[in-house]
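Please read the structure below before turning to the comments.
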Amino acid sequence: MPSPMWRQHELKESYDVVVIGGGVHGLATAYYLTKLGVRNIAVLEAKYLGFGGSGRNTAIVRSNYRTPEGIAFYDHSVKLYEQLAAELEFNVMFSQHGHFTLAHNERGVTGLIERANNNRMVGVNSRVIYPAEIQKLVPHLNVFGHSRFPIMAALYHPPGGIIRHDAVVWAYARGADRGGAHIHQQTEVTAIDVHQGKVTSVRTNRGTIRAGAVVNATAGYASTISKMAGVPLPIESHPLQACVTEPLKPFLDAVIVSSTLHVYVSQTDRGELVLGAEVDDHQSYSIKGSLAFLEGAATHLLELFPFLANVKVLRQWAGLCDMTPDYSPIIGEAPDVKGFLMTVGWGTYGFKAGPASGHLLAERIASGKTPKLLEPFGLERFANDCLVGEKAAASVSH
Amino acid sequence: MAFQIECPNCGVRPAWEFHYGGATRNRPEPQAPSADWVEYIYSRSNTRGEESEWWYHRSACKLWFLAERDTSTNHVLETRRFEAQENVGG
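This is the structure in structure tokens:
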């Protein structure tokens, strides 16, 4: 009989590090901690591994962000993803066939040029291309046909692509398990105890655990968990909807994104088209889908690929995105609660960042020192007026 | 997204006609310490459950009004007009 990917354990009374959230961020943090020799770790997941954002995203990986801080951080993640299959001995089906962000007006083109320049300054492969070259690289895209919003340019990012998101979660879980971490599913955190400004224990539906450090690696629950430790966050949770069509013959190997049309699309290895949109306008914890989203997504997709008019939608879903004011994440230790760390506020760009966030946060926990790539992303940046503005590169363009 | 809101002017309409204006909260005095202003500008209650909110009827009468909504289900419990004398913040 094959051995399970990860084992089940009794909940111990004490762990050095308790990670809350069994998604890519929590599991990557646990895996890289075991590599650094920190092995007395628990990963607590309220439902099952990958129930949240890790299983609901549209599996796009890229690093063509806007700020030098953001670009360097996501570039680290892309590089870790490139080595991940070998590192974890698991096929994560990473296919880097290029990522195209389309512009349909002059302001959009200006934004792409700024991003291309910043990308190249940091050493990320990215450049602005124009309709003739776009058509050559993506032959089925409606570049020159009738269109309400004609395509004027694209930011072409060759290392961008798609990955099998569930495989990434399972591979990190197996890696963390082999390294000695305990993975506890169906284990819900109900309270966090803080004594004299330091986190001491975590209470769960299965009992209380003493903890040296606690990591909030949740999405959709980030504010709830953080409030338990008395740490308010600048986060508002919004649903984001996505859908998948019936399988088609392979015709699209690139990721196509349009902010103007509020849509992004890629074709999976099974042939299905995966489509997503921007987050819903209002704060909510409800993950029910809507017909309004489907109508919008279909209309916009047909602007880009008119021949898809009769394709059927297989299913639609929603996930929760924890939006921060500057569209950048919050990573590091809470300024006022020692031992309470977080990797939260991942908005709509969390999955592509999982390896970097886990890798760097593990280093932060093991060494006590903040790695340079993490420095811009602390919670204190809001009080210090040092925001990392990524809205132009992060919204819609997953 | 698939829910309805009762506009005090126009009656029950689909949610996509409206713009979400955020939870009501109190604005600090101009001379308040900067920590209070940081809290006001950036922190969000992000309530899971009943919350008092501003909504705007963007696609029709352009009225800003108040709503009580359960953010875990999107069920709107009550909507009402804003009275000029009241201090609800926002």
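Heads up: the sequence lines are chains A and B, in that order. Residue numbering for the first sequence follows my numbering, starting at 1 and increasing by one per position. Residue numbering for the second sequence follows my numbering, starting at 1 and increasing by one per position. Even glycine gets a Cβ: it sits at the ideal position worked out from N, Cα and C. Being a predicted model, the structure only gives us computed values, none of them experimental.
Per DSSP, reduced to three states, the secondary structure at L63/B is coil, with no helix or strand assignment. About 6 Å separates the beta carbons of L49/A and Q185/A, which is inside the 8 Å limit, making them a contact pair. A direct Cα-Cα distance of roughly 43 Å separates R210/A from P159/A.
Within the region 317 to 331 of chain A, the residues whose Cβ lies closer than 7 Å to some Cβ of chain B are P325, listed in chain order. Residue-level contact by beta carbon holds for N46/B and chain A, with a gap shorter than 7 Å.
Between the C-alpha atoms of N118/A and R127/A there is a straight-line separation of about 10 Å. In the structure shown, L314/A adopts extended strand secondary structure according to DSSP, grouped into three states.
In the three-state scheme derived from DSSP, where H, G and I count as helix and E and B as strand, W170/A is classed as helix. Between I163/A and V61/A, the CB-CB gap stays under 7 Å. Between N57/A and H157/A, the C-beta spacing is not below 7 Å. Per DSSP, the unbroken beta strand (DSSP E) holding R203/A starts and ends at 198 to 204. For the 7 Å CB-CB criterion, A30/A and E188/A do not form a contact. An exposed status is given to M1/A, since fewer than 16 other beta-carbon atoms sit within 10 Å of its beta-carbon. In the three-state reduction of the DSSP assignment, L141/A falls in the coil class. When E50/B, A35/B, S52/B are compared, the shortest CA-CA separation from A383/A is found for A35/B. Comparing alpha carbon positions, the residue from L273/A, T260/A, H238/A closest to K249/A is L273/A.
In this structure, DSSP gives Q241/A an extended state, which the three-state scheme calls strand. With 16 or more other Cβ atoms inside 10 Å of its own Cβ, A219/A counts as buried. A Cβ-Cβ distance of about 16 Å is found for the pair W346/A and A242/A, leaving them out of contact under the 8 Å criterion. Around E236/A, the same chain offers Q283, M323 as residues with beta carbons nearer than 6 Å, after the five sequence neighbours per side are excluded. In the three-state DSSP reduction, W37/B falls in the helix class (H, G or I). Shown here, V388/A sits in coil according to DSSP, grouped into three states, outside any helix or strand.
Between P232/A and chain B, the shortest Cβ-Cβ separation is below 7 Å. When 8 Å is used as the limit between beta carbons, Y20/B is near these residues of chain A: D281, H282, Q283, in chain order. Interface with chain A (7 Å Cβ-Cβ cutoff): T73/B is included. Annotation: V168/A to I41/A spans about 20 Å, alpha carbon to alpha carbon. Annotation: Cβ neighbours of S43/B in chain A (cutoff 8 Å, chain order): P232, L233, P234. Annotation for F293/A: the continuous alpha helix (DSSP H) segment containing it runs 291 to 304. Counting only residues of its own chain and dropping the five nearest sequence neighbours on each side, F251/A has a CB closer than 8 Å to the CB of H140, Q267. Under a 10 Å Cβ-count criterion, H195/A is classified as exposed, with fewer than 16 other Cβ atoms of the shown protein chains found around its own Cβ. Within chain B, the residues R48 have their CB atoms less than 7 Å from the CB of T224/A, given in chain order.
For V109/A, the enclosing alpha helix (DSSP H) stretches over residues 106 to 122. When secondary structure is reduced to three states using DSSP, A28/A falls in the helix class.
Interface criterion not met: the Cβ of A67/B is under 7 Å from no Cβ in chain A. Among the residues of chain B, none has a CB under 8 Å from the CB of F94/A; the nearest is roughly 32 Å distant. By the Cβ-count criterion, M121/A is exposed, with fewer than 16 other Cβ atoms from all chains shown falling within 10 Å of its own Cβ.
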